[in-house]
Structure formats: C-alpha cells, structure tokens
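The sequence shown begins at 494 in the numbering used here and counts up one residue at a time. From the three backbone atoms N, C-alpha and C, an ideal C-beta is built for every residue, glycine too. These numbers come from a predicted model, not from an experiment. Here's the structure, in structure tokens; my notes come after.
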Amino acid sequence: MPTTPSLLTLGCCLSWLEGGLWSDVADKLQGSLTLGTYHHFQDAVQEHGDTRIEAKLELEFDGKLGERVRYHFTPRAYVNNMDWATGVVDQEPETQQNRFILDAGEAYVRYSADSFDLSLGRQIYRWNVADVPYNPTDNNLPMDFMDSLNLQKMGVFSGSLQYSSENVSLTLLAIPWFTPSRIPGDNSRWQGDFGDAPSTFMGYDLAVGSRGLPDWNPGNAGAYGFHLASSTLLNGWDLALNFYDGLDPVGVLRGDIAGRNVVLHQDFPRFRETGISYSTTWSNVEFHGEAGFHDTVDNEKDDDYLEYVVGANFTYYSVPFTEETFIVLEYADEQLVQRKSATSRYSGSGDYVRPFKGTWIASVNFKFDEDNSLKLSGLRNQADLDGLWRADFSHKFNDVLKVNVGVDFLDGSSSSFFGRWRDNDRIFMNWTLFI
494 MPTTPSLLTL GCCLSWLEGG LWSDVADKLQ GSLTLGTYHH FQDAVQEHGD
544 TRIEAKLELE FDGKLGERVR YHFTPRAYVN NMDWATGVVD QEPETQQNRF
594 ILDAGEAYVR YSADSFDLSL GRQIYRWNVA DVPYNPTDNN LPMDFMDSLN
644 LQKMGVFSGS LQYSSENVSL TLLAIPWFTP SRIPGDNSRW QGDFGDAPST
694 FMGYDLAVGS RGLPDWNPGN AGAYGFHLAS STLLNGWDLA LNFYDGLDPV
744 GVLRGDIAGR NVVLHQDFPR FRETGISYST TWSNVEFHGE AGFHDTVDNE
794 KDDDYLEYVV GANFTYYSVP FTEETFIVLE YADEQLVQRK SATSRYSGSG
844 DYVRPFKGTW IASVNFKFDE DNSLKLSGLR NQADLDGLWR ADFSHKFNDV
894 LKVNVGVDFL DGSSSSFFGR WRDNDRIFMN WTLFI
C-alpha cells in the first residue's frame, strides 16, 4: 500500500497534467473526508476504551462510457482505533463480519434506452418515505449495524430493470447472491444484550456458533432475492407498492442444547414482504406513511408481523432567531399476525430491526442561518418504555469544511430494544472536508 508521502507526491504530479486524464477524472469526482470522535460516559467490557476515533473517506465517480452507458463508483476507506475494520474487500457478496478498510459502497454500470434503465453491479436501494430509522418498507436488504445509531446501507450485487414515465415507475430487481447484514461482534459495545436468547435459555452456558449462510452456487435458487417496486403520481398523491422475496439479512439465533451448554447459531429464514407507502401535501404540510407485512415462510423460525409508520412534516418561518424551523412528527407500531411456533428453538427476532412498540417520533431542525443549525430528535416506545434522544449542532465554516457536535442518550430496561444499549450514552464530534 502506498505511504502517505507517496500519495501526496502522486497527487502533486497529477495536478501538473494539463487537459489529460486527471482533469477529466477531477470533473467527475466528488466526496468527503470525515474525522470523528465518539466518547462514551460509561465503560464497556467489549471495548478497550471509551473513546472511538475514526476516519472515513468516501469518493464518488460518475461518467459515461458512450452515449447510452454510464458508470457509478463509490470507493471508500475506513479506519478506527477499535479494530472494526480489516483488509481490502475481496469478496462478493460481503460476508465478513467486520468492515473493510478499503471497500466500495456501489460499483455498477447502467444502460439507458428511451424509458428503460438496465443496471448491473453492486447497488444500494432505498424505498422509504418516513423520517424514522428502521423503515418498515426499507429493512429487507442488508444494513451495517456496527454503530447502531448511525445506520449504513450495504450494497448488494444485483441486476435491475427500471421503466419510468411521467407519472409511473416500475423496477424489477434480482439479487443472485445473499448478503447478510453486518452485526456488531464481540469487539463492539453495540453488540448489547442477546435480545430474548438469555431468557429462552436461562440456566445454560451460552456460546456463539456458526452462521447458516447459503451456498454460493448458481443452481441454489434458495439464496436468490427478488424485489418488485412500483410508484405512481395520482392527483397529488405519490403512491408506491413493493414486494420482496428473499432471505432475512439480519437473521435469527438457533440454540443447540448439549447438557448445560447452548451454542447459538445464526440462521437466515426466507420471508416475503409486501410494502405500501404514500406521501401528499396539503397547504404547507406534507403527510406520509408506510407499512410492511413480513411473512416468514417457516414459522418455526420467526414471526409474521405488520409494521407501519404515519407522520407529517412542516416548516415554520416565524420562529425567533431562525430562518426556518423544520418539524417532523410520526407514530410507528407493530402488529403481531402469527407468532412463531411455541416449541421453536429460534430466538433473537428483531434484535436490530423491530423497534416499534407504540412509538412516538419527533425531530425539530432549527436553521439559524446558512451556516448554523441545531437538530433535536427523539423517539419513545410506549409499550417497553425505552427511547433514544439526540441533539446535533452543525456549523459550516465554508463550502468545503463543516463540524457537527452532538450528544446521544438511550434509556430503557435491558430487555428493550434501545435499553440494551443504555450504557452507550455519548458525545460526538465530526469534522467533514468536502472534495
């Protein structure tokens, strides 16, 4: 790997090229370098310190390969002092439980003809309309949960065909290889508790076993995933319908009992999800909602449940000392349709993706001027009495440098979604340099 001085020398040499490759690349390049510090107020047995320092470089290249073909490439680099990342990405799909030091978020080519777009490569997809994290229609593809308060989408190798007209969009997505979500491991305080596994196997000694990843061969149709998405604009309403058939990227835990020992294995049950969403405006208020029905094929492994969120956002321009104030209010909940088998050996469902228990969500973003803003946000689960609260102040020095300073608080019992991270209250500071 080139040293820092050699990279600087290379950059200086390239800057002298006139009208050549570097100037062409520079016109297509954008990105950011972020230096972050996260300090927790309490110790954690999983980590060797209370302060995480990280550096993250994210680049984005866009360009043409002829009249109808475009490419999109987002290389990135990540390091921190907690050993969350190792090596260079050398696998597709990604199954390594740690992050890679050098990786690619997306890397695909797209062919366009009239109203159709055909894309192939590693891509990231989003279908949500709500502001809340853990969206009901957007949790069927893998996520990076290494920092459970700063979720990241993971790219999946896929092929997609999209049709677009003035008021209608249709997308067919095929995923030949299964990519699991990245779950915090033994070296991360965000591992938290084992969810409902300890209560299920109370009195036993727990150990972590294998991951039930599917075989990666073309004939194994059980590893494939398919997604069909449609949206339309009808009389001021933006309506969308989604259907997904594939493996659960987070998975569940299976307990194998031998005497007083229980070995927990991770399994990825197949499920089908049907999602709907809407958004519309009335006066200066935007209304939105989404719902997703999670139908597990084998109820020995997981539940069937319906998640939904409804909300509205609006902007005020008359709040003193601010240019504008943007407010979001939402309510989210889950309805259990069919519980998994009473004799099931599986547990841990929803340890990372089923937070809603009669949940109120709110955020207020005070924009003082073009360079300064303060966002206050929080959510509260009424059923389990747990929650998450954040304050984030942002200051922009100029067009290329900004800083964010904030604090996160979590509360609740150890068996609740956010309460299992109750010892992870923290302050943070992120410096971002835009390229």
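Would you kindly work out how many angstroms separate the C-alpha atoms of G744 and Q684, rounded to a whole number?
15 Å
Between L872 and V581, is the Cβ-Cβ spacing less than 9 Å?
For L872 and V581, no; Cβs fall outside 9 Å.
With a CB to CB cut of under 8 Å and the five nearest residues on each side skipped, what residues in its chain are close to R919?
Y531, H532, H533, F534, V900, D901
Please work out which residues of its chain come closer than 7 Å, Cβ to Cβ, to D796, disregarding the five sequence neighbours upstream and downstream, and give them in chain order.
T789, L829, Q831, R832, K833, S842
Are the CB atoms of I769 and L721 within a distance shorter than 9 Å?
no
In the DSSP assignment, what residue or residues form a beta bridge with Q828?
L799
Among E823, V821, T672, N591, which residue has its Cα nearest to the Cα of G705?
T672
Since E553 sits in a beta bridge, which residues does DSSP pair it with?
Q523
Taking the alpha-carbon positions, what's the F736 to G748 distance?
31 Å
How many angstroms separate the CA atom of R615 from the CA atom of A606?
Cα to Cα, R615 sits roughly 21 Å from A606.
Which word fits E827, buried or exposed, when buried means at least 16 other C-beta atoms lie within 10 angstroms of its C-beta?
buried
Going residue by residue through the segment 812-861, where are the continuous beta strand (DSSP E) segments of at least 3 residues, counting only ones entirely within it?
Correct list: 817-831, 852-860.
Tell me where the beta strand (DSSP E) around G564 begins and ends.
For the record, residue 564 in the displayed sequence is Tyr; it is not Gly. Residues 562-573.
Check this for me: beta carbons of T527 and L550, under 9 Å apart or not?
yes
What are the boundary residues of the beta strand (DSSP E) that E783 is part of?
778-789
Considering only the beta carbon of each residue, do F911 and P848 sit closer than 9 Å?
yes
How should V562 be labelled, buried or exposed, when 16 other C-beta atoms within 10 angstroms of its C-beta is the threshold for buried?
Taking a 10 Å sphere around the C-beta of V562, we find fewer than 16 other C-beta atoms and assign the residue as exposed.
Start and end of the beta strand (DSSP E) containing F761?
Where F761 is concerned, there is no enclosing beta strand (DSSP E), given that its DSSP letter is neither H nor E.
Are the beta-carbon atoms of F807 and N777 separated by less than 9 Å?
The answer is yes: Cβ separation under 9 Å.
Spatial neighbours of K860 within its chain, please: C-beta separation below 8 Å, excluding the five flanking residues on both sides.
T815, E816, E817, T818, F819, S866
When the Cα atoms are used, what is the spatial distance from N838 to P742?
For the record, residue 838 in the displayed sequence is Arg; it is not Asn. The alpha-carbon atoms of R838 and P742 are separated by roughly 19 Å.
For a test of the three-state rule: what should DSSP assign to G461, helix, strand or coil?
This structure cannot settle anything about residue 461, because the visible part of the chain is limited to 494 through 928.
Taking DSSP as the reference, what is the three-state secondary structure of R592?
strand
Indicate whether A537 and A570 have their beta-carbon atoms separated by less than 9 Å.
no
With a cut-off of 8 Å on the beta carbons, I'd call N633 and G739 a contact; round off their distance for me.
Contact holds; Cβ gap of about 7 Å.
Would N573 count as contacting chain B if we go by Cβ distances under 9 Å?
In the structure shown, chain B cannot be found, because there is only a single protein chain.
Is it buried or exposed for T664, if we count other Cβ within 10 angstroms and need 16 for buried?
Buried, since its Cβ has 16 or more Cβ neighbours within 10 Å.
How should Q759 be labelled, buried or exposed, when 16 other C-beta atoms within 10 angstroms of its C-beta is the threshold for buried?
buried
Taking Cβ positions, are S724 and S662 nearer each other than 9 Å?
yes
Is it true that the CB of L903 sits closer than 9 Å to the CB of L926?
Taking 9 Å as the Cβ cut-off, L926 and L903 do not qualify as a contacting pair.
Using the rule of at least 16 other Cβ atoms within 10 Å of the residue's Cβ for burial, across every protein chain shown, is T630 buried or exposed?
buried
Would you decide whether T836 is buried or exposed? Buried here means 16 or more other CB atoms lie within 10 Å of its CB.
That one is exposed.
So, V893 versus S887, is the Cβ gap smaller than 9 Å?
no
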